[in-house]
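Below: the structure, in structure tokens.
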Amino acid sequence: MLVGLNSKMDSEGVQTSSQKNGGAEGSLYKQSGQVRCQSSGGLNGSRRSPDNEGISADPCLNENCMEQEECEIQLRDTDSNGSRRDHASKKPRRQKDLTFQDMYSQQDGYFDDDEDDDDSDWEPLQKHVASKKWFCTNCTMVNLDDDDLHCDICGEYKESEILRHGCLASRLAPVVLHSRVETEAIDRLKDSVTRKSDQDNCTVVGFDERMLLHSEVEKKSHPHPERPDRLRAIAASLATAGIFPGRCIPIPAREISREELQPVHSLEHIEAVDLTNRMISSYFTPDTYANEHSASAARLAAGLCADLASEIMTGNAKNGFALVRPPGHHAGIRQAMGFCLHNNAAVAALAAQSSGAKKVLIVDWDVHHGNGTQEIFEANKSVLYISLHRHEGGRFYPGTGAADEVGIMGAEGYSVNIPWKCGGVGDNDYLFAFQHIVLPIAFEFSPDITIISAGFDAARGDPLGCCDVTPAGFAQMTHLLSALSSGKLLVILEGGYNLRSISSSATAVIKVLLGETPLCDVDHVEPSKVGLQTVLEVLGIQMNFWSTLKPTFTRLQSQWASFFLQNKKKLAKEKRRLLRPKWWLWGRKRLLYHLLYGQLRVKAKGRAKAFC
486 MLVGLNSKMD SEGVQTSSQK NGGAEGSLYK QSGQVRCQSS GGLNGSRRSP DNEGISADPC
546 LNENCMEQEE CEIQLRDTDS NGSRRDHASK KPRRQKDLTF QDMYSQQDGY FDDDEDDDDS
606 DWEPLQKHVA SKKWFCTNCT MVNLDDDDLH CDICGEYKES EILRHGCLAS RLAPVVLHSR
666 VETEAIDRLK DSVTRKSDQD NCTVVGFDER MLLHSEVEKK SHPHPERPDR LRAIAASLAT
726 AGIFPGRCIP IPAREISREE LQPVHSLEHI EAVDLTNRMI SSYFTPDTYA NEHSASAARL
786 AAGLCADLAS EIMTGNAKNG FALVRPPGHH AGIRQAMGFC LHNNAAVAAL AAQSSGAKKV
846 LIVDWDVHHG NGTQEIFEAN KSVLYISLHR HEGGRFYPGT GAADEVGIMG AEGYSVNIPW
906 KCGGVGDNDY LFAFQHIVLP IAFEFSPDIT IISAGFDAAR GDPLGCCDVT PAGFAQMTHL
966 LSALSSGKLL VILEGGYNLR SISSSATAVI KVLLGETPLC DVDHVEPSKV GLQTVLEVLG
1026 IQMNFWSTLK PTFTRLQSQW ASFFLQNKKK LAKEKRRLLR PKWWLWGRKR LLYHLLYGQL
1086 RVKAKGRAKA FC
């Protein structure tokens, strides 16, 4: 469903009507320099335009309109004596549906607090002193404009140069003053460009500046996390490091055709996305926006992914990286959602099959489950979809991707979901899942090409993902997957909303594509308790479809028992340590404490045995 704003179609005889969609609260029209606000109906009482089914007005976010909605309404009543009295009605509370980006926007006052009815102390002439605030370029979080010029959340400098130099820009200095280590790293990378061999040129990168035109038109209370700066930061990092342009080969961009999209999306969905090029601003969901350039950007992103897959399959390139937006793995057969318009990974998979691939593996390490990709291929045995994501029992967006979602209609086992039960998951848990689930299934499947839906919102510092994967972790996962498909590997950018995190992670991944070996050690990976639980749960389900998993499941079950016992002993030891009187640990009394405490424990054990 598409919600349009400031439609350019009015001059062409097409009318837009008011309709509730997700968190939409009103409609905003601009005609002849005038602004008027039109309230929309409820969720079940929406009205549709007879001329354009499913197209309706966007929430009214005009600043003047908001002020009018929030002003107090004076109601005049007449009492029994005929006198009139004024009553100030309670200020209405505005609410919005909880959406993809509300995980962090709530802390910026996303919901207005209820106000007291008694405003007797309010003085009409009193001036409201508003504190100034600024939004961090790196993580978009709000900060008060005080003496501290660094972000309270990520520590990035207010006037950061990250959009010019990417992750190699200084985090703290007011100007770009690289540290000695950073400067040496840049010089070393640039020197390597002059020594590159012809073999280095086997990595292709898909990028087009027209995808930067896709942006949210309406100014909200918080910047939208899926913003053009994401591509700018990654491109700046690659340019500063001399990787692209330099060691990677660019590929010409083209808009994908409707015929190429139809095997992935319904005709209604394709037409709905195309319709946005006639609107200044529109919304598919409260957090999935479009402007007049979004349809072209989505077609460019899908076209680049399709061509990269074809180039890799035909042998013209060994691997590739699609530096594209808008992302795609939430876009399903009939709907756009989660910032996604067209499913780029699905388009690339079908393009690879058209170029000769019989079996395609898609590994999705975005912190959110790729519900759109799973929906498209859940009944297709020629495409294996493996996703590692936060799930938390369905409470984390989009709520899909449980371990028991394995595929349908004879393709059971070809959807593999590894759902983390909490946030904070880091390198060890991801690599442990790779070693015991992803790689064994992938080698048994034996794909002709591997596609990575590379969302970097599981990276450390991301405001939406809140996980702890480092650039070295992403590099190691890429290195492990490069052993499949004779090295035919395509990495497609999905999510990731901390500019420093995504630029450093994307750079680390591309270095692996160029042949560099990551330094991360995977021989001795110890998972967390939650990580081991998740891996055992998935193995217990997927071993019914993949025989190679049964020995692993049996071995890990025994390890789980010892892991649980060791963890129990550690907790008991920690509890005993906390019960010690700290003053006994001072000076010469420490030895006396250990002697007495040891004797008391021995006596207690002796009494327990005697009692038994």
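According to the numbering used here, the stretch in the sequence shown is residues 486 to 1097, in order. For every residue, glycine included, the Cβ atom is placed at its ideal position computed from N, Cα and C.
Span of the alpha helix (DSSP H), counted from its first residue to its last, around residue i
i, result
"Ile-755", "752-760"
"Leu-984", "984-998"
"Val-1015", "1014-1027"
"Thr-858", "856-862"
"Phe-959", "956-966"
Residue i - DSSP class collapsed to helix/strand/coil
i, result
"Val-832", "helix"
"Phe-881", "coil"
"Met-626", "coil"
"Ser-839", "helix"
"Gly-813", "coil"
"Arg-712", "coil"
"His-874", "strand"
"Ile-847", "strand"
"Cys-687", "helix"
"His-635", "strand"
"Ala-718", "helix"
"Leu-1034", "helix"
"Leu-487", "strand"
"Leu-653", "helix"
"Leu-869", "strand"
"Val-666", "For Val-666, the predicted model reports a pLDDT of 45, less than 50, meaning its position is unreliable; a value from the coordinates is still stated below. Residue state, collapsed to three classes: helix."
"Cys-951", "coil"
"Asp-693", "coil"
Neighbourhood of residue i by C-beta, 8 Å cutoff - its chain only, sequence neighbours within 5 removed
i, result
"Gly-946", "Cys-624, Cys-639, Asn-983, Arg-985, Ser-986"
"His-1109", "Because the chain spans 486 through 1097 in this model, residue 1109 falls outside it and cannot be assessed."
"Ser-867", "Gln-838, Lys-843, Lys-844, Val-845"
"Ile-926", "Leu-869, Ile-871, Val-901, Gln-1027, Trp-1031, Thr-1033, Leu-1034"
"Arg-665", "Residue placement at Arg-665 cannot be trusted, given a pLDDT of 46 that sits under 50; the coordinates are not used to answer."
"Asp-933", "Met-798, Ala-837, Gly-841, Ala-842, Lys-843, Lys-844, Val-845, Ser-970, Lys-973"
"Phe-928", "Leu-969, Thr-1033"
"Ser-751", "Ile-818, Arg-819"
"Asn-913", "Val-1010, Glu-1011, Pro-1012, Ser-1013, Gly-1016"
"Phe-1038", "Leu-1021, Leu-1024, Gly-1025, Met-1028"
Contacting residues, own chain, Cβ-Cβ under 6 Å from residue i (five flanking each side not counted)
i, result
"Cys-652", "Ser-722, Arg-985, Ser-988, Ser-989"
"Thr-761", "Ser-767, Ala-775, Ser-779, Ala-780"
"Pro-443", "Shown here, the chain extends from 486 to 1097; a query on residue 443 therefore has no answer."
"Ala-944", "Val-954, Ser-986, Ser-990"
"Ala-794", "Ala-833, Ala-836, Ala-837, Leu-975"
"Lys-617", "Asp-630"
Cβ-Cβ distance between residue i and residue j below 8 Å
i, j, result
"His-853", "Pro-811", "no"
"Gly-709", "Tyr-774", "One point to set straight first is that residue 709 is His, not Gly, in the sequence displayed. Their beta carbons are under 8 Å apart, which means His-709 touches Tyr-774 by this criterion."
"Leu-789", "Ala-816", "no"
"Val-1015", "Cys-907", "yes"
"His-754", "Arg-819", "yes"
"Asp-942", "Gly-981", "yes"
"Val-997", "Phe-917", "no"
"Ala-960", "Val-994", "yes"
"Gly-879", "Ala-887", "yes"
"Leu-785", "Ala-738", "yes"
"Ile-861", "Ile-936", "no"
"Asp-688", "Ala-787", "Per the sequence presented here, residue 688 reads as Thr, with Asp not at that position. Cβ distance not < 8 Å, so Thr-688 and Ala-787 don't count as in contact."
"Phe-692", "Ala-654", "no"
"Leu-695", "Ala-782", "The identity of residue 695 in the sequence shown is Arg, whereas the question assumes Leu. In contact: Arg-695 and Ala-782 (Cβ atoms closer than 8 Å)."
"Gln-724", "Ile-647", "A quick correction: the sequence has Ala, not Gln, at residue 724. Their beta carbons are not under 8 Å apart, which means Ala-724 does not touch Ile-647 by this criterion."
"Ile-741", "Ala-791", "yes"
Neighbourhood of residue i by C-beta, 7 Å cutoff - its chain only, sequence neighbours within 5 removed
i, result
"His-814", "Cys-825, Asn-828, Ala-830, Asp-849, Asp-851, Gly-855, Gly-857, Thr-858, Ser-938, Glu-979"
"His-619", "Just to set this straight, residue 619 is Trp in the shown sequence, not His. Excluding positions up to five away in sequence, the list reads Asn-628, Asp-630, Lys-643."
Boundaries (first-last residue) of the beta strand (DSSP E) holding residue i
i, result
"Leu-974", "974-978"
"Lys-704", "Careful: Lys-704 lies outside any beta strand (DSSP E) and carries neither H nor E."
"Phe-824", "Where Phe-824 is concerned, there is no enclosing beta strand (DSSP E), given that its DSSP letter is neither H nor E."
"Lys-618", "618-620"
Residue i CB to nearest heavy atom of the ligand FMN below 7 Å
i, result
"Leu-657", "Ligands displayed in this structure: none; no statement on the ligand FMN is therefore possible."
Beta strand (DSSP E) runs wholly inside the stretch 895-946, at least 3 long, in chain order
900-905, 934-939
In chain order, which continuous runs of the beta strand (DSSP E) of length 3 or greater are located wholly inside the stretch 725-805?
764-770, 773-776
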